[in-house]
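Residues in the sequence shown are numbered from 29 upward in steps of one, following this note's numbering.
Just so it is clear, CB atoms sit at the ideal spot from N, CA and C, and this is done for glycine as well.
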Amino acid sequence: MTLIFTTSNILSNSTDIETIPFASGFSAIVVGIFVIIFRKKLIIHVAGFLVLENGIFLFGTAVVSELPMMIEIGVLLDVFVVVFLMGIALNRISSTLSGFEVTSLDRLKD
């Protein structure tokens, strides 16, 4: 972590890169990748994808001068995560309620 802040401080002195978003974004990217690689539970992987996506956005705001492209990439990653979560939810529902039909809802009462 100290190496990241030292390197980003050196870069900020030589270029227009801001120190805090650069270091925070890079750290979040690394943490997100480590979470995705080393954890086994699927919901933790989704959290790792979210951390990675936020790290990419922070890193992009520090490095890229043209922000709209980074916003589009961030939205694309958010859509990917939402579709991923919906797939998990639908898979769990279908495995729990296999053979569930609408006709069996007539047993429900107020």
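Identify, in the order they occur along the chain, each residue of the same chain with its Cβ nearer than 6 angstroms to the Cβ of residue i, setting aside the five sequence neighbours on each side.
{"i": "E81", "result": "L105"}
If distances are taken between C-alpha atoms only, which option among the options comes closest to residue i?
{"i": "V111", "options": "F85, L78, V91", "result": "L78"}
{"i": "I45", "options": "F62, G76, L86", "result": "L86"}
{"i": "L113", "options": "F66, T47, A75", "result": "A75"}
{"i": "G83", "options": "N119, A117, E100, F50", "result": "F50"}
CA-CA distance, residue i and residue j?
{"i": "I57", "j": "V107", "result": "18 angstroms"}
{"i": "T124", "j": "K69", "result": "19 angstroms"}
{"i": "I101", "j": "V59", "result": "19 angstroms"}
{"i": "K137", "j": "L118", "result": "26 angstroms"}
Using a Cβ-Cβ cutoff of less than 7 angstroms, which residues in the same chain neighbour residue i once the five nearest sequence positions on both sides are dropped?
{"i": "G115", "result": "none"}
{"i": "A90", "result": "I45, E46, P49, F50, G53"}
Are the beta-carbon atoms of residue i and residue j separated by less than 8 angstroms?
{"i": "V63", "j": "I71", "result": "no"}
In chain order, each alpha helix (DSSP H) run of at least 4 residues that lies wholly inside the segment 37-125: 47-66, 70-91, 95-124
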